[in-house]
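First up is the structure itself, then whatever we jot down about it.
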Amino acid sequence: MSYSPVRKLLRPIRNALFLTGLLGLMACATPEGAQLSDGVWDPDEAANRRVHAFNKSLDKAILAPAGKGYVSIVPAPVVYGVSNFSDNLSLPGTVVNNLLQLDLGGALKNTARFAFNTVVGVGGIFDPAGLIGLHEKDTDFGQTLAVWGLPEGSYLELPVLGPSTQRAAAGKAVDLVTNPLSYVLPDPEKYYGTGASVLSRLGDRGHYGDALDDLYNNSADSYAAARSIYMQNRRFNVGEEEGAYADPYADPYGTAE
1 MSYSPVRKLL
11 RPIRNALFLT
21 GLLGLMACAT
31 PEGAQLSDGV
41 WDPDEAANRR
51 VHAFNKSLDK
61 AILAPAGKGY
71 VSIVPAPVVY
81 GVSNFSDNLS
91 LPGTVVNNLL
101 QLDLGGALKN
111 TARFAFNTVV
121 GVGGIFDPAG
131 LIGLHEKDTD
141 FGQTLAVWGL
151 PEGSYLELPV
161 LGPSTQRAAA
171 GKAVDLVTNP
181 LSYVLPDPEK
191 YYGTGASVLS
201 RLGDRGHYGD
211 ALDDLYNNSA
221 DSYAAARSIY
231 MQNRRFNVGE
241 EEGAYADPYA
251 DPYGTAE
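Next comes the structure, spelled out in structure tokens:
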């Protein structure tokens, strides 16, 4: 059975709505009287600390050297071009979240940015849209869930991905299946974005890893510091808290609510 292009483009929204229904059944607010650490519900702190220790070891042994080697060996225009290409391919998924949040202005802006950079920017390798002030209205499904009123749940530290919450982790899983390009691009083109995303993260780790290095090496308790910084930054992004610190995980690992 073949699918029309319109049905393929609508499939991510259908999947997101279905998965959100399941998430709604599983979602739970912070229990009454729960013990909070710095305003964060962290009932699995012992397990999270073990994952944090693993992430530190992985970063020291592989991610930091790989990121720094990547930006040292590969010419800067190529590094930034790959990052631009990755960001451009992610925009249709961002548009889906704009629509699910009823943010029509953001959806139109991101659609225009995607179209302009795809055509004029040679598939998104260059960013002419940014030069004319057409910047991305960034969001993700974790923020969509927040807009719909689902609670953030408990704090989690995910292997490799770093700090998150129950709501955020669920949102990241949904984001994997809501980019329309994954349904309309043939093999192997649909996997180019995955490769570009990995290289983009390495580039971010090489260029912007000083904050993460400082957190890992100079904090009395790097786990508590990372948790505090991440939660304040993320709550600010979803409109739940005023003021934010820069998230040291944002550049190396991407945004993970």
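Numbering (the working numbering), first residue to last: 1 to 257.
The C-beta atom is built at its ideal place from N, Cα and C for all residues, glycine as well.
Open item on the list: Using CA atoms only, rank isn't needed, just tell me which of G149, D87, H135 is closest to L199.
Closed with: Residue mapping note: residue 199 aligns to position 199 of the sequence shown, counting from 1. Answer by Cα proximity: D87.
- [ ] Measure how close the beta-carbons of M231 and Y183 come, nearest whole angstrom, since I'm counting them as under 8 Å.
- [x] Here the question's residue 231 lines up with position 231 in the sequence shown. Here the question's residue 183 lines up with position 183 in the sequence shown. The Cβ separation is near 34 Å, so there is no contact.
Open item on the list: I'd like to know if the stretch 127–140 and the stretch 213–225 are in contact, where contact means that at least 3 CB-CB pairs between them fall below 8 Å.
Closed with: no
- [ ] Could you give the DSSP three-state label for G105: helix, strand or coil?
- [x] Here residue 105 refers to the residue found at position 105 of the sequence shown. Helix.
TODO: Decide if D251 is buried, meaning its Cβ has at least 16 other Cβ atoms within 10 Å, or exposed.
DONE: Here residue 251 corresponds to residue number 251 of the sequence shown, with the count starting at 1. Confidence in D251 is poor, its pLDDT being 47 and thus under 50, which makes the residue's placement unreliable; the coordinate value appears in the next sentence. When all chains shown are included, D251 counts as buried.
- [ ] Can you grab the Cα-Cα spacing for the pair A146 / G153, in whole Å?
- [x] Position 146 of the sequence shown holds residue 146. Position 153 of the sequence shown holds residue 153. Distance between the alpha carbons of A146 and G153 is about 11 Å.
TODO: Below 7 Å CB to CB, which residues in the same chain sit around F54 once its five sequence neighbours on both sides are set aside?
DONE: If you number the sequence shown from 1, residue 54 lands on position 54. Result list for F54: P159, in chain order.
Open item on the list: Mapping the DSSP letters down to three states, classify L25 as helix, strand or coil.
Closed with: Working through the sequence shown from its first residue, we reach residue 25 at position 25. Confidence is the limiting factor: at L25 the pLDDT is only 46, short of 50, which leaves the residue's position unreliable, though a coordinate-based value still follows. Helix, per DSSP.
Open item on the list: Can you look up E257 in the DSSP assignment and give me helix, strand or coil?
Closed with: Counted from its first residue, the sequence shown places residue 257 at position 257. Its pLDDT being 45, under 50, E257 is placed unreliably by the model, and nothing is read from it.
- [ ] Using beta-carbon positions only, say whether L202 and G67 come within less than 8 Å of one another.
- [x] Locating residue 202 in the sequence shown gives position 202, where the first residue counts as 1. Locating residue 67 in the sequence shown gives position 67, where the first residue counts as 1. Cβ atoms of L202 and G67: closer than 8 Å.
Open item on the list: Taking the straight line between their C-alpha atoms, what separation do you get for A76 and P43?
Closed with: Start at 1 with the first residue of the sequence shown, and residue 76 comes out as number 76. Start at 1 with the first residue of the sequence shown, and residue 43 comes out as number 43. Distance between the alpha carbons of A76 and P43: 43 Å.
Task: Check whether F126 and D175 have beta carbons under 8 Å apart - done: As a working note, residue 126 is residue 126 in the sequence shown. As a working note, residue 175 is residue 175 in the sequence shown. Their beta carbons are not under 8 Å apart, which means F126 does not touch D175 by this criterion.
TODO: With DSSP collapsed to three states, give me the class of G171.
DONE: In the sequence shown, the residue the question calls residue 171 occupies position 171. Helix, per DSSP.
Open item on the list: Can you find the residues in the same chain that come closer than 8 Å, C-beta to C-beta, to L25, ignoring five residues on each side of it along the sequence?
Closed with: In the sequence shown, the residue the question calls residue 25 occupies position 25. Low per-residue confidence applies at L25: pLDDT is 46, beneath 50, and the placement is therefore not dependable, though the value from the model is reported in the following sentence. Correct list: empty, nothing qualifies.
Task: Rounded separation between D187 and A47 - CA only - done: Position 187 of the sequence shown holds residue 187. Position 47 of the sequence shown holds residue 47. One C-alpha to the other measures close to 39 Å.
Open item on the list: Is the separation between the beta-carbon of R167 and that of P180 shorter than 8 Å?
Closed with: On the sequence shown, position 167 is the one that residue 167 refers to. On the sequence shown, position 180 is the one that residue 180 refers to. No, they are not a contact pair.
Open item on the list: Suppose you measure from the CA of E157 to the CA of N233; what does that come to, to the nearest Å?
Closed with: As a working note, residue 157 is residue 157 in the sequence shown. As a working note, residue 233 is residue 233 in the sequence shown. The straight-line gap from Cα to Cα measures roughly 15 Å.
Task: Bridge-paired residues (DSSP) for T165 - done: Against the sequence shown, residue 165 aligns to sequence position 165. Y155, per the DSSP bridge assignment.
Open item on the list: Just to confirm the assignment: which complete alpha helix (DSSP H) runs, minimum length 4, are found wholly within the stretch 185–228?
Closed with: 192–208, 210–218
Open item on the list: For a test of the three-state rule: what should DSSP assign to L36, helix, strand or coil?
Closed with: Working through the sequence shown from its first residue, we reach residue 36 at position 36. In this structure, L36 counts as strand in the three-state DSSP scheme.
Open item on the list: Let's test the definition: count the other Cβ atoms within 10 Å of the Cβ of R227 and tell me whether it reaches 16, buried, or not, exposed.
Closed with: Numbered from its first residue, the sequence shown carries residue 227 at position 227. Under this definition R227 is a buried residue.
Task: Contact with chain B by P186, beta-carbon distance below 8 Å - done: The question asks about chain B, but that chain is absent: this structure has only one protein chain.
TODO: Identify whether V238 lies in helix, strand or coil by the three-state DSSP scheme.
DONE: As a position in the sequence shown, residue 238 is number 238, starting the count at 1. Correct three-state label for V238: coil.
Open item on the list: Which residues does DSSP list as the beta-bridge partners of P41?
Closed with: As a first step, residue 41 must be located in the sequence shown, where it is residue number 41. Here residue 41 turns out to be Trp, not Pro, going by the sequence shown. Note: W41 sits in a beta bridge opposite L36.
Task: Cβ-based neighbour list, A169, same chain, cut-off 7 Å, excluding 5 preceding and 5 following - done: Within the sequence shown, numbered from 1, the residue matching residue 169 stands at position 169. The residues are L156, L158.
Task: Selection from N237, K137, S164, D38 that minimises the alpha carbon distance to D258 - done: The displayed coordinates of the chain run from 1 to 257. Any statement about residue 258 would go beyond what the structure contains.
Open item on the list: So, at 8 Å on beta carbons, what are the nonlocal neighbours of L134 in its own chain, with the 5 sequence-adjacent residues on each side left out?
Closed with: Counting from 1 along the sequence shown, the entry for residue 134 is found at position 134. Cβ within range, chain order: K109, A112, R113, F116.
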